[in-house]
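Chemist: Here you go, one structure.
Number of protein chains: 2
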Amino acid sequence: MSKPFKTVWARDQRPAKASPGLSRDQIVRAALDLLDAEGIDGLSMRKLGAKLSAGATSVYWYVANKDELLELAYDEIWGEMTTPDPALVGWRHCGSAFAHSMRQAMLAHPWAASLIGRMPALGPNALGVTNRMREGFMLAGFEGLEVDYAVGTLTAYVFGMTIPEVSYNAYLEESQPDQEEVMAAITKAAAAYPDMLDRIKATHRLDPRAMREMSFDFGLSSVLDGLEARLVT
Amino acid sequence: MSKPFKTVWARDQRPAKASPGLSRDQIVRAALDLLDAEGIDGLSMRKLGAKLSAGATSVYWYVANKDELLELAYDEIWGEMTTPDPALVGWRHCGSAFAHSMRQAMLAHPWAASLIGRMPALGPNALGVTNRMREGFMLAGFEGLEVDYAVGTLTAYVFGMTIPEVSYNAYLEESQPDQEEVMAAITKAAAAYPDMLDRIKATHRLDPRAMREMSFDFGLSSVLDGLEARLVT
DNA sequence: TGACACACTCGTACAGTGTGCGAGAGGATT
DNA sequence: AATCCTCTCGCACACTGTACGAGTGTGTCA
């Protein structure tokens, strides 16, 4: 009845002879190239094989299935996040730096945003980042379960905020919609809520990039303040 | 160069003659059935056609493509969220009720969690909920852009927290993994972080359901406190 | 009554997907 | 020389979303 726990990180790697053609590293790099260039749908096993000048199914010797490959690629992105030592910079700065770098990583690799939260983050990079955050919150004064709750709250905020941003960017890029039409559609849909509509129209001319950043910082400050409030009791 | 803004809510519906066989409502209901029963991968146009005792491609008369159908189904889920009138219960209670009901809706319809944030929420139900939240935060004392920032912060937290929960549940259900093996895998992966590992092992025997709820409430209180802190200046 | 238009249905086809299987190549070991 | 292990890959299967166009039934107007 009970099946095995399937994740790359649980299996020990293939013996890894002296690179007879393909290798796991090489495959992951190629996959990252494809993902960055063409997005999550741009990665197919056939294309990957072609990029490596290999047969489509050769990859399956090094990786159990496509999901495992994605786990591997995903963890590379966690490696791009920066978590300064909280003992040096303080827990707030550490959390803030993590949040911003996580957002940046997702914006730089939109495909990773579609994996986050949906895929176990048990790779070495992900664990390292998580551990750093735990250190930070322990230093802040959290104890026991609350350390993990705090980490969870912060990361939940970051990618809850970032996922929609990334997919909106993706949408804008793939099908550049006519701005007039977008406004017309929104006007029609939200006709019943004039105040909301006013706000949307008012912000419509502002720089969307700066807007998003302000919005992110507003929420981030709130979350950090809220966590800090949990300490003073 | 610029393409049209594609969303169901921008198009006007089909004339809708007196139900000659199929109808959009009927289709959406059938789609919801399939989604609830088999998840996001369980919905294919062929299966949907079969469920309606119709040809696979007949649905395309009522709906431009699968994405539109999902938008329609998605908005139904927003209809399940409850947002009590903030004028009666106060903004904090309103936000809290929204957060809990959003989480419940996602847990009840896991497929919807995989759409959230990725799909424009411009349906009538989604807009209604958003508007209610805006009312709440305006009543709290937020002004201008900050109203929207506050709404964004709260919803980001909720689904940042809920998405991983839902996908972990889905994983548990589809492939009941051996608990011993899971722990073995985690032990191996996190061997370098003994403190983290201790925590995981310690919480391993607790009721996961209750744990998740506590974690959610911890973060929710933090976020609400953090937002409240933005007001007192 | 005949002609035309419209609303709708659906079979077929196309271009893709992940991956199981099994045959085979090439090098190392016995 | 025989055997084994590592690795490659062509083929096939069961799917996917959806474009296209032919066909059906009903309503309207001359």
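Those sequence lines, one after another, are chains A and B. Using the numbering used here, the first residue of the first sequence is number 267, and each one after it goes up by one. Using the numbering used here, the first residue of the second sequence is number 267, and each one after it goes up by one. Note that the Cβ used here is the ideal one computed from N, Cα and C, for glycine as well. Keep in mind it's a predicted model, so treat the numbers as computed, not measured.
If you draw a straight line from the C-alpha of Met-449 (chain B) to the C-alpha of Asp-464 (chain B), how long is it?
Modeler: 11 Å
Chemist: What did DSSP end up calling Pro-460 (chain A) once you bin it into helix, strand or coil?
Modeler: Of the three classes helix, strand and coil, the one that applies to Pro-460 (chain A) here is helix, per DSSP.
Chemist: Determine which residues of the stretch 450–473 of chain A have a Cβ less than 8 Å from any Cβ of chain B, and write them out in chain order.
Modeler: Ala-450, Ala-451, Ile-452, Lys-454, Ala-455, Ala-456, Ala-458, Tyr-459, Asp-461, Met-462, Arg-465, Thr-469
Chemist: How many angstroms separate the CA atom of Ser-441 (chain B) from the CA atom of Leu-298 (chain A)?
Modeler: 28 Å
Chemist: Tell me which residues share the same chain as Asp-302 (chain B) and place their Cβ nearer than 7 Å to its Cβ, disregarding the 5 neighbours each side in the sequence.
Modeler: His-375
Chemist: Within 8 Å: the Cβ of Val-489 (chain A) and any heavy atom of the ligand SAH?
Modeler: This structure lacks the ligand SAH, and indeed carries no ligand of any kind.
Chemist: Sort B:Met-347, B:Leu-309, B:Gly-356 by Cα distance to Leu-503 (chain B) and report the nearest one.
Modeler: Absent from the structure is residue 503 (chain B), since the part of chain B shown begins at 267 and ends at 499.
Chemist: Here's the rule: buried if 16 or more other CB atoms are within 10 angstroms of the residue's CB, otherwise exposed. What is Ala-468 (chain A)?
Modeler: Taking a 10 Å sphere around the C-beta of Ala-468 (chain A), we find fewer than 16 other C-beta atoms and assign the residue as exposed.
Chemist: Report yes or no: is there a C-beta of chain A within less than 9 Å of the C-beta of Glu-412 (chain B)?
Modeler: yes
Chemist: Assign Arg-478 (chain A) to one of two classes, buried (16 or more other C-beta atoms within 10 Å of its C-beta) or exposed (fewer than that).
Modeler: buried
Chemist: Looking at the structure shown, is Pro-443 (chain A) part of a helix, part of a strand, or coil, going by DSSP?
Modeler: strand
Chemist: For Met-372 (chain B) and chain A, any beta-carbon pair shorter than 9 Å?
Modeler: no
Chemist: Within 9 Å of any Cβ in chain A, is that where the Cβ of Phe-484 (chain B) sits?
Modeler: Judged by the 9 Å Cβ criterion, Phe-484 (chain B) is in contact with chain A.
Chemist: Per DSSP, what kind of secondary structure is Glu-346 (chain B) in: helix, strand or coil?
Modeler: Here Glu-346 (chain B) carries a coil assignment [DSSP, helix/strand/coil].
Chemist: Is the CB of Met-385 (chain B) under 9 Å away from at least one CB in chain A?
Modeler: Chain A contact via Cβ: present.
Chemist: Rounded to a whole number of angstroms, what is the C-alpha to C-alpha distance between Leu-288 (chain A) and Leu-486 (chain B)?
Modeler: Distance between the alpha carbons of Leu-288 (chain A) and Leu-486 (chain B): 48 Å.
Chemist: Count the other CB atoms, across all protein chains shown, that sit within 10 Å of the CB of Leu-381 (chain B); report buried if there are 16 or more and exposed otherwise.
Modeler: buried
Chemist: Just the Cα atoms here: how many angstroms apart are Ser-319 (chain B) and Ser-310 (chain B)?
Modeler: 14 Å
Chemist: Go through the stretch 332–402 of chain A residue by residue and report every complete run of the alpha helix (DSSP H) that reaches 4 residues or more, in order.
Modeler: 332–344, 352–355, 357–374, 376–379
Chemist: Reducing DSSP to helix, strand and coil, say where Val-413 (chain B) ends up.
Modeler: helix
Chemist: Whose Cβ in chain A lies nearer than 8 Å to the Cβ of Lys-272 (chain B)?
Modeler: Ser-441, Pro-443
Chemist: Going by other Cβ atoms of all chains shown within 10 Å of its Cβ, with 16 needed for buried, is Thr-349 (chain A) buried or exposed?
Modeler: buried
Chemist: Can you name the residues of chain B whose CB is closer than 8 Å to the CB of Phe-408 (chain A)?
Modeler: None at all; the shortest Cβ gap to chain B is about 10 Å.
Chemist: Classify Arg-237 (chain A) as helix, strand or coil using the three-state DSSP reduction.
Modeler: What the structure shows of chain A is the stretch from 267 to 499, and residue 237 (chain A) is not part of that stretch, so it cannot be assessed.
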